[in-house]
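For the sequence shown, the residue numbers in my numbering are 158 to 522. For glycine and all other residues, C-beta sits at the position ideal for the given N, C-alpha and C. Bear in mind that the values here come from a model prediction, so they are computed numbers and not experimental data. These notes are about the structure you will find just below.
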Amino acid sequence: MRKIDARPIVGAAVVFLIIGLVALGIYYFFIAKPAAEELNAVKLAAFDRINGLMSIGTEAATTKALDCSSRVQRAGSVAEVQATLVEVNAAIQVEQLRRELLDLVATAAEGNYYSADGGAGKMAAAELAEFRQTMVAEVNSKTTLTQLEACRAEINEKATVVWRSLHSAELSQLGDNLAMFSGGATSGGYLTKEEARSYIAGLGWEGLRELKFEELGTVEVPVLDVFQRTPTLRAGMKVNIYVYDVATGIMENLWFNAVVRAVIYSQTDIARIAWVLSEGATMESYSTDVWEALKALSAGSEGVENIDLEDYGAEVVQRGLEANLGHYPLQVIYVIEVPDEIGRLIAQYEFQESSVKDVILVARV
158 MRKIDARPIV GAAVVFLIIG LVALGIYYFF IAKPAAEELN AVKLAAFDRI
208 NGLMSIGTEA ATTKALDCSS RVQRAGSVAE VQATLVEVNA AIQVEQLRRE
258 LLDLVATAAE GNYYSADGGA GKMAAAELAE FRQTMVAEVN SKTTLTQLEA
308 CRAEINEKAT VVWRSLHSAE LSQLGDNLAM FSGGATSGGY LTKEEARSYI
358 AGLGWEGLRE LKFEELGTVE VPVLDVFQRT PTLRAGMKVN IYVYDVATGI
408 MENLWFNAVV RAVIYSQTDI ARIAWVLSEG ATMESYSTDV WEALKALSAG
458 SEGVENIDLE DYGAEVVQRG LEANLGHYPL QVIYVIEVPD EIGRLIAQYE
508 FQESSVKDVI LVARV
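Here is the structure:
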């Protein structure tokens with residue numbers, strides 16, 4: 158038999174194998190590997206954006222993020238990942254707006270004195286809970302930016318209606334003379350029910366959520382001041398009360414429409430009367446201690462019955478004003494009628510129990 162030489166065949170096979178390996182290497186290092194690296198880089202970037210979508214925290218954002226993450230994981234090309242990324246970017250815009258509106262609903266359902274859930278010293282209001290539930294469902298039902306933007310005006314309108322209705326119902330259960338509290342800090346003022354209704358009719362929900370109305374309940378507290386700051390203040394007048402923080406230089410309203418029930422002037426400054434009468438070369442000096450005269454009158458002394466001391470202190474100050482005079486260092490105690498919690502604050506400020514703050518009275522005209 159004729160013997161076949163296999164060496165050429167083996168040689169050819171080796172050559173083709175080497176060529177194939179070279180081609181495969183070229184394909185892997187110059188085509189497949191760069192493509193895989195590019196796909197991997199694009200996926201990583203997409204996962205970063207998906208995490209951003211997830212972090213928004215809405216239910217729709219979470220669902221969309223999980224779906225897009227799964228699709229990116231399975232994607233076999235850059236084009237597939239980029240197509241999914243377009244959806245992610247669009248969803249981020251929608252869900253960011255949804256989050257903003259849901260936060261707006263939460264804020265509108267939470268006031269300084271009332272809230273949807275109560276707690277933290279606040280009163281629970283069923284109408285606020287219903288408003289929140291309704292508007293959350295409404296916001297979550299929207300799927301486009303246009304639809305969501307239309308919700309903003311609806312939230313503001315319904316929140317104002319709910320808060321106004323809440324306060325109107327509250328006012329209907331109260332008497333005519335009211336105390337209105339406003340803001341995070343304890344402050345406010347007195348007003349009638351008619352004034353209160355007019356006031357809430359002019360506010361949006363942002364202002365209404367800061368209010369609380371109560372029946373008129375008061376205490377009388379003393380405020381020490383000087384004539385220089387309050388020369389025209391008299392018993393029976395109404396004042397606005399401010400608090401000046403000595404440390405910060407900030408003055409804030411504490412209460413308005415408070416009534417001055419009594420004014421007490423310094424015994425040291427005006428409790429002694431001295432005068433001189435002269436006739437020709439004769440001069441006589443006279444002096445009366447008003448405090449001693451008051452004690453004598455109280456004891457029934459006949460020697461001072463002809464002295465009329467009613468409203469003496471107020472009359473002295475009034476005559477000084479009419480004469481364009483004033484003893485500026487004259488100390489005055491004003492007895493102010495305010496709600497109990499406001500009275501407690503004033504007492505703390507007057508005796509500097511909480512911080513160095515100065516109570517300032519401003520007469521209403």
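Limits of the unbroken beta strand (DSSP E) element including residue i
{"i": "Q488", "result": "Q488 to V495"}
{"i": "T445", "result": "T439 to D446"}
{"i": "A520", "result": "K514 to A520"}
{"i": "V229", "result": "From DSSP, V229 is part of no beta strand (DSSP E) but of the alpha helix (DSSP H) over E216 to R231."}
{"i": "S431", "result": "In the sequence as presented, Ser is not what sits at residue 431; that position holds Ala. First-last of the beta strand (DSSP E) with A431: R429 to E436."}
{"i": "F384", "result": "That residue, F384, is in no beta strand (DSSP E); it is neither H nor E in DSSP."}
{"i": "L373", "result": "Segment: none, L373 is in no beta strand (DSSP E) and carries neither H nor E."}
8 Å Cβ cutoff met for residue i and residue j
{"i": "A404", "j": "E371", "result": "no"}
{"i": "L373", "j": "N334", "result": "yes"}
{"i": "Y485", "j": "V383", "result": "yes"}
{"i": "K221", "j": "A248", "result": "yes"}
{"i": "L451", "j": "Y443", "result": "no"}
{"i": "L518", "j": "V293", "result": "no"}
{"i": "I493", "j": "I398", "result": "yes"}
{"i": "R391", "j": "A471", "result": "yes"}
{"i": "S298", "j": "L285", "result": "no"}
{"i": "W412", "j": "G483", "result": "no"}
{"i": "V378", "j": "I503", "result": "yes"}
{"i": "T215", "j": "E257", "result": "no"}
{"i": "V447", "j": "Y469", "result": "yes"}
{"i": "L302", "j": "L368", "result": "no"}
{"i": "V400", "j": "M408", "result": "yes"}
{"i": "L210", "j": "V245", "result": "yes"}
Bounding residues of the alpha helix (DSSP H) (the contiguous stretch that carries residue i)
{"i": "D260", "result": "V235 to A265"}
{"i": "S355", "result": "K350 to A358"}
{"i": "L390", "result": "Per DSSP, L390 belongs to no alpha helix (DSSP H) and is neither H nor E."}
{"i": "E409", "result": "From DSSP, E409 is part of no alpha helix (DSSP H) but of the beta strand (DSSP E) over I407 to Y422."}
{"i": "L365", "result": "W362 to L365"}
Alpha-carbon spacing of residue i relative to residue j, whole angstroms
{"i": "A266", "j": "S212", "result": "24 Å"}
{"i": "H324", "j": "V489", "result": "39 Å"}
{"i": "V296", "j": "V318", "result": "18 Å"}
{"i": "G332", "j": "E352", "result": "13 Å"}
{"i": "Q509", "j": "I312", "result": "44 Å"}
{"i": "R206", "j": "C308", "result": "26 Å"}
{"i": "N410", "j": "R521", "result": "14 Å"}
{"i": "E497", "j": "S339", "result": "Contrary to the premise, residue 497 reads as Asp rather than Glu in this sequence. Rounded to whole angstroms, D497 to S339 spans 15 Å at the Cα level."}
{"i": "A189", "j": "A232", "result": "With a pLDDT of 48 at A189, under the threshold of 50, the modelled position of that residue is not reliable, and the figure given next carries that caveat. Going from the Cα of A189 to the Cα of A232 covers about 16 Å."}
{"i": "L487", "j": "T425", "result": "9 Å"}
{"i": "G276", "j": "G477", "result": "55 Å"}
{"i": "Q290", "j": "K350", "result": "31 Å"}
{"i": "L305", "j": "R386", "result": "55 Å"}
{"i": "R366", "j": "A217", "result": "29 Å"}
{"i": "E287", "j": "P388", "result": "53 Å"}
{"i": "Y506", "j": "Q250", "result": "50 Å"}
{"i": "I430", "j": "E449", "result": "11 Å"}
{"i": "I321", "j": "W362", "result": "Sequence check: residue 321 is Arg here, not Ile. Their backbone Cα atoms lie some 8 Å apart in a straight line."}
{"i": "V243", "j": "Q230", "result": "16 Å"}
{"i": "D465", "j": "G393", "result": "22 Å"}
{"i": "E467", "j": "A456", "result": "16 Å"}
{"i": "E441", "j": "N481", "result": "28 Å"}
{"i": "A282", "j": "E327", "result": "11 Å"}
{"i": "L454", "j": "T439", "result": "31 Å"}
{"i": "T535", "j": "E237", "result": "Residue numbering for the chain in the displayed model covers 158 to 522; residue 535 lies beyond these limits and cannot be assessed."}
{"i": "A198", "j": "N208", "result": "15 Å"}
{"i": "V262", "j": "G364", "result": "15 Å"}
{"i": "G437", "j": "E479", "result": "30 Å"}
When the options are compared against residue i, the one with the closest alpha-carbon
{"i": "M280", "options": "Y469, I503 and Y270", "result": "Y270"}
{"i": "G406", "options": "K514, L305 and T300", "result": "K514"}
{"i": "V495", "options": "E436, E467, V417 and Q505", "result": "V417"}
{"i": "K200", "options": "S234, N481 and Q304", "result": "S234"}
{"i": "S227", "options": "V251, L482, T215 and T241", "result": "T241"}
{"i": "M445", "options": "L411, T439 and W432", "result": "Reading the sequence as shown, one finds Thr at residue 445 and not Met. The shortest Cα separation from T445 among L411, T439 and W432 belongs to W432."}
{"i": "Q239", "options": "C225, V251, E252 and Q250", "result": "C225"}
{"i": "L259", "options": "V229, A282, V243 and A316", "result": "A316"}
{"i": "T375", "options": "L223, R501 and L360", "result": "R501"}
{"i": "D402", "options": "Q330, V516 and A480", "result": "V516"}
8 Å Cβ cutoff, residue i in contact with chain B
{"i": "I427", "result": "No chain B appears in the structure shown, which is made up of a single protein chain."}
Problem set entry | Minimum length 3: unbroken beta strand (DSSP E) runs contained in the stretch 279–351 | 334–339 and 345–349
For this session: Within the stretch 449–484, note down every full alpha helix (DSSP H) run reaching 4 residues or more, in order along the chain.
Result: 469–479
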